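One structure below.
There are 2 protein chains.
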Amino acid sequence: MAVEHTGTGDPARSMALLWRAADREGRTGLSVDKIVATAVEIADGDGITALSMRRVAERLGVGAMSLYTYVPGKGELVDLMIDQVLGETERPEQAGDWRARLEQVARSNLALYRRHPWLLQVGTARPPMGPNLIAKYDYELGALTGTGLSDVEIDTALTSVLAYVSGAAQTAVEAAQAPDRSGMTDDAWWAVQAPLLEKVFDPQRFPVAARVGAAAGEAYGLVDADHAFEFGLQRLLDGIEAFIAKR
Amino acid sequence: MAVEHTGTGDPARSMALLWRAADREGRTGLSVDKIVATAVEIADGDGITALSMRRVAERLGVGAMSLYTYVPGKGELVDLMIDQVLGETERPEQAGDWRARLEQVARSNLALYRRHPWLLQVGTARPPMGPNLIAKYDYELGALTGTGLSDVEIDTALTSVLAYVSGAAQTAVEAAQAPDRSGMTDDAWWAVQAPLLEKVFDPQRFPVAARVGAAAGEAYGLVDADHAFEFGLQRLLDGIEAFIAKR
DNA sequence: GAACATTCCGTACGGCGTACGGTACACCGT
DNA sequence: ACGGTGTACCGTACGCCGTACGGAATGTTC
Numbered sequence: 067m068a069v070e071h072t073g074t075g076d077p078a079r080s081m082a083l084l085w086r087a088a089d090r091e092g093r094t095g096l097s098v099d100k101i102v103a104t105a106v107e108i109a110d111g112d113g114i115t116a117l118s119m120r121r122v123a124e125r126l127g128v129g130a131m132s133l134y135t136y137v138p139g140k141g142e143l144v145d146l147m148i149d150q151v152l153g154e155t156e157r158p159e160q161a162g163d164w165r166a167r168l169e170q171v172a173r174s175n176l177a178l179y180r181r182h183p184w185l186l187q188v189g190t191a192r193p194p195m196g197p198n199l200i201a202k203y204d205y206e207l208g209a210l211t212g213t214g215l216s217d218v219e220i221d222t223a224l225t226s227v228l229a230y231v232s233g234a235a236q237t238a239v240e241a242a243q244a245p246d247r248s249g250m251t252d253d254a255w256w257a258v259q260a261p262l263l264e265k266v267f268d269p270q271r272f273p274v275a276a277r278v279g280a281a282a283g284e285a286y287g288l289v290d291a292d293h294a295f296e297f298g299l300q301r302l303l304d305g306i307e308a309f310i311a312k313r
Numbered sequence: 067m068a069v070e071h072t073g074t075g076d077p078a079r080s081m082a083l084l085w086r087a088a089d090r091e092g093r094t095g096l097s098v099d100k101i102v103a104t105a106v107e108i109a110d111g112d113g114i115t116a117l118s119m120r121r122v123a124e125r126l127g128v129g130a131m132s133l134y135t136y137v138p139g140k141g142e143l144v145d146l147m148i149d150q151v152l153g154e155t156e157r158p159e160q161a162g163d164w165r166a167r168l169e170q171v172a173r174s175n176l177a178l179y180r181r182h183p184w185l186l187q188v189g190t191a192r193p194p195m196g197p198n199l200i201a202k203y204d205y206e207l208g209a210l211t212g213t214g215l216s217d218v219e220i221d222t223a224l225t226s227v228l229a230y231v232s233g234a235a236q237t238a239v240e241a242a243q244a245p246d247r248s249g250m251t252d253d254a255w256w257a258v259q260a261p262l263l264e265k266v267f268d269p270q271r272f273p274v275a276a277r278v279g280a281a282a283g284e285a286y287g288l289v290d291a292d293h294a295f296e297f298g299l300q301r302l303l304d305g306i307e308a309f310i311a312k313r
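Following this line, the structure appears as structure tokens:
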């Protein structure tokens, strides 16, 4: 199933949880922190589809329903997982010009998605307003201060870059994990597809796809997502640079 | 459960299905086409989480297991849904300069995601090699022909734009459907969050977020995803234009 | 009419999230 | 030391899910 988050429960409870207003330990040593950490482990390792309350509980040596003492439901748990991993992005002192800073922000977001591919599958609308989300936002906005852009423009520009990163990361991350998940290298996969495709594919009907697909397939193995990421990022930054220059 | 696709089944069977090598009707009038169309309806209307074999069958007035006569499993059904909706993108005669053409491609992809938000939740690695996917690829590459870019560069540039669109669409589409899904307008949602956030949020600690967040929130309601989409797209196209000019 | 192929589907299994209600523990006042 | 009470824990159960399996129903072919 697609991954729902932001449970339908009490928003005040969610907020208290996110900011860890009262993180006590139970008698088995259970705690919100431990539950979230375990859930992240499972999602990182086996994908968000493998994340279930029962599995989290099992790994913690605890009954499934015990989790509900600490967390209202799975939706809220996912919210907590999100805020948790957003806290791990490195945030070096922002040196250099805005472009170097923004580039670093982009790369560190890509790294985040690489570490936690499931982030790409959870919705981003109305995100969990936790401390780490806000800290990340605050830090990333900093990359564009001092450029002469207005506050609103800074927000928009950052949003655009993050949108690009998330879209490109989706391709890059999935490409990177496809061999592992399917037990099949890209080459092997293509070796299976190609002869099947040849039977139905008509180069006359799709001349451009035939030519470019062949060229691209030859240039790098099937698809070099990293290269595409870099290219697009530089073009986007070029565009933003021109925009700033015109200000 | 994030949404898995590309079933583990026989690739030859999948390919035959995608290209509709043998789409017969059963005695109840069932067919691959009808199953796929119904599944798309459900996913469009109630989200991909609401898509289940039982629901598809029910809507078709048929037992759940009957679907398996036509489709190997849910994974393959999702593959078929993907190729199906990729076939609906409008593809007007490509007139004007490359920039107008590429802009149109971007916008038509955004429209596609708007119509079928679940597309954003299914993986894109090793996509189902159906006729519509290939036709779309062929058409979209055409936007960048005659620019002096090499075939490989054309592929990379298109990939970048599509990555941006998918990332930005994720934000835009989710923002658009959040009120409907949650039964809460953005304003209402914020009215609940704001006072809770105020209790834990320290403007001293996050000065930039406080200032910019306030400015952005005031400028347009909470977040104007369309505006951000447009801004980023133009910057990216500006960057590509500069790249082409340098060739 | 018989033989066969194919379509349809009832049942069942192991998984899921979680409502509900019971048990057992930790801590308190005495 | 002991009884009382709040809370942490969790067994069971319900209604979902995808789909394996085997049988029933319906053509189709001689």
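Note that the protein sequences, when read in sequence, are chains Z and D.
As numbered in the numbering used here, residues 67 to 313 make up the first sequence, in order.
As numbered in the numbering used here, residues 67 to 313 make up the second sequence, in order.
For glycine and all other residues, C-beta sits at the position ideal for the given N, C-alpha and C.
This structure is a prediction, so every number in the text was calculated from the model and none was measured.
- Here DSSP, grouped into helix, strand and coil, assigns residue 137 of chain D to coil.
- Considered as a whole, the stretch 117 to 193 of chain Z harbours 119 to 126, 140 to 152, 164 to 181 as its complete alpha helix (DSSP H) runs of no fewer than 4 residues, in chain order.
- In the structure shown, residue 251 of chain Z falls within a coil segment according to DSSP collapsed to helix, strand and coil.
- Residues of the stretch 135 to 163 of chain Z that bring their beta carbon within less than 8 Å of a beta carbon in chain D are absent altogether.
- If you look at residue 296 of chain Z, you'll find it in the alpha helix (DSSP H) that goes 291 to 312.
- Residues of chain D with a Cβ closer than 7 Å to the Cβ of residue 192 of chain Z are, in chain order, 244, 255.
- Across the set D:106, D:139, D:269, D:280, the C-alpha of D:139 shows the shortest separation from the C-alpha of residue 76 of chain D.
- Proximity of chain Z to residue 236 of chain D at the Cβ level (cut-off 7 Å) is accounted for by 190, 232, in chain order.
- Look at residue 281 of chain Z: its C-beta is under 8 Å from a C-beta on chain D.
- In this chain, residue 215 of chain Z is not harboured by any alpha helix (DSSP H), its DSSP state being neither H nor E.
- Put simply, the backbone Cα of residue 207 of chain Z is about 13 Å away from that of residue 280 of chain D.
- With contacts defined as CB atoms closer than 8 Å, residue 232 of chain D and residue 233 of chain Z qualify as a contacting pair.
- The contact set of residue 195 of chain D on chain Z, defined by CB atoms closer than 7 Å, consists of 259, 263 in chain order.
- A direct Cα-Cα distance of roughly 26 Å separates residue 218 of chain D from residue 296 of chain D.
- Distance between residue 148 of chain Z and residue 95 of chain D, taken at the CA atoms: about 46 Å.
- A straight line joining the alpha-carbon of residue 197 of chain Z with that of residue 248 of chain D spans about 23 Å.
- The three-state reading of DSSP puts residue 256 of chain Z in helix, counting H, G and I together.
- Restricting attention to Z:72, Z:212, Z:222, the CA atom closest to the CA of residue 203 of chain Z is found in Z:222.
- Within the stretch 216 to 229 of chain D, the residues whose Cβ lies closer than 8 Å to some Cβ of chain Z are 216, 217, 218, 220, 221, 222, 223, 225, 226, 227, 228, 229, listed in chain order.
- The shortest C-alpha to C-alpha distance from residue 216 of chain Z to any of Z:310, Z:298, Z:230, Z:265 is the one to Z:310.
- Z:164 is the residue among Z:244, Z:164, Z:257, Z:102 whose C-alpha sits nearest the C-alpha of residue 308 of chain Z.
- If you look at residue 104 of chain Z, you'll find it in the alpha helix (DSSP H) that goes 98 to 112.
- The alpha-carbon separation between residue 70 of chain D and residue 190 of chain D amounts to approximately 10 Å.
- Each residue's CA atom was taken as its position, placing residue 269 of chain D and residue 275 of chain D some 8 Å apart.
- A residue is called buried when at least 16 other Cβ atoms come within 10 angstroms of its Cβ; residue 213 of chain Z meets this threshold and is buried.
- Taking CB atoms only, residue 70 of chain Z has a neighbour in chain D less than 8 Å away.
- Between the alpha carbons of residue 228 of chain Z and residue 72 of chain Z lies a gap of roughly 21 Å.
- For the stretch 81 to 104 of chain D, residues whose beta-carbon sits nearer than 9 Å to a beta-carbon of chain Z comprise 81, 82, 84, 85, 87.
- Leaving aside the five residues that flank residue 183 of chain D on each side, the residues in its chain whose CB is nearer than 7 Å to its CB run, in chain order, 239, 243.
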